[in-house]
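Here the structure comes first, spelled out in structure tokens, and everything after it is commentary.
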Amino acid sequence: MSVGFNLTQALILQYVVSEGALNQTALATLLGLGKAATGTAIDALELRDMVERVPDPDDRRVWLVTARPEAKRYSGLIDDVVREFGIELRTGISRAERQALGATLNKMRFNLDFMESAERAGSVENESNGLTAQMTTRSSDPTGDQVTAGVDPTE
Numbered sequence: 012m013s014v015g016f017n018l019t020q021a022l023i024l025q026y027v028v029s030e031g032a033l034n035q036t037a038l039a040t041l042l043g044l045g046k047a048a049t050g051t052a053i054d055a056l057e058l059r060d061m062v063e064r065v066p067d068p069d070d071r072r073v074w075l076v077t078a079r080p081e082a083k084r085y086s087g088l089i090d091d092v093v094r095e096f097g098i099e100l101r102t103g104i105s106r107a108e109r110q111a112l113g114a115t116l117n118k119m120r121f122n123l124d125f126m127e128s129a130e131r132a133g134s135v136e137n138e139s140n141g142l143t144a145q146m147t148t149r150s151s152d153p154t155g156d157q158v159t160a161g162v163d164p165t166e
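Count along the sequence shown from 1, add 11, and you get the number used in this note's numbering.
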């Protein structure tokens, strides 16, 4: 079954149908994408009359993305496709395997977030022999485990 939207477009539709009007920055954050990529997907949905941008009554500089009536019709179809896709994707993979993968990916996300915040804080040093990131700290990750975040490209 296909609904004719890419994943980003389908997710935007689902968010604005279920959550109501959202600005582009909020959608980009929810999707984990940049504002430009999110804007391109919104433009494509506007061309198909699925969403529209309306002025934010609280801030004249901001536009809100709202679902048009046609988008609401597709919402149920998108739910069905996502459900079918999830079933097919999980075939042959045990719940324990999926949970272990999820925990590992969460730790990687935690490490990436730490590295990004350290870089913003100026902790990443450029040395004459190349970039060496010296970030070692003990911190709790979202799963409650202790994680040492450390990156050294020479190892």
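Every residue gets a Cβ at the ideal spot worked out from N, C-alpha and C, and that includes glycine.
Thr49 sits close to Gln35, with the two beta carbons spaced by under 8 Å.
The beta carbons of Pro66 and Trp74 sit closer together than 8 Å. Residues Leu24, Val27, Val28, Leu56, Met61, Val62 of the same chain have their beta carbon placed closer than 8 Å to that of Ala82, with the five preceding and five following residues left out of the count. Between Val76 and Arg59, the CB-CB gap reaches or exceeds 8 Å. The beta carbons of Arg94 and Arg101 sit no closer together than 8 Å. Taken through DSSP and simplified to helix, strand or coil, Arg79 comes out as coil. DSSP, reduced to helix, strand and coil, places Arg59 outside both helices and strands of the structure shown, so it counts as coil. Residue pairing by DSSP places Leu33 opposite Val76 in a beta bridge. Going by DSSP, Ser105 is part of no alpha helix (DSSP H) at all; its letter is neither H nor E.
Here Phe96 is exposed: its Cβ has fewer than 16 other Cβ atoms, across all protein chains shown, within 10 Å. One Cα belongs to Ala132, the other to Ser86, and the distance between them is close to 42 Å. Taking a 10 Å sphere around the C-beta of Ala39, we find 16 or more other C-beta atoms and assign the residue as buried. Shown here, Asp67 sits in a strand according to DSSP, grouped into three states.
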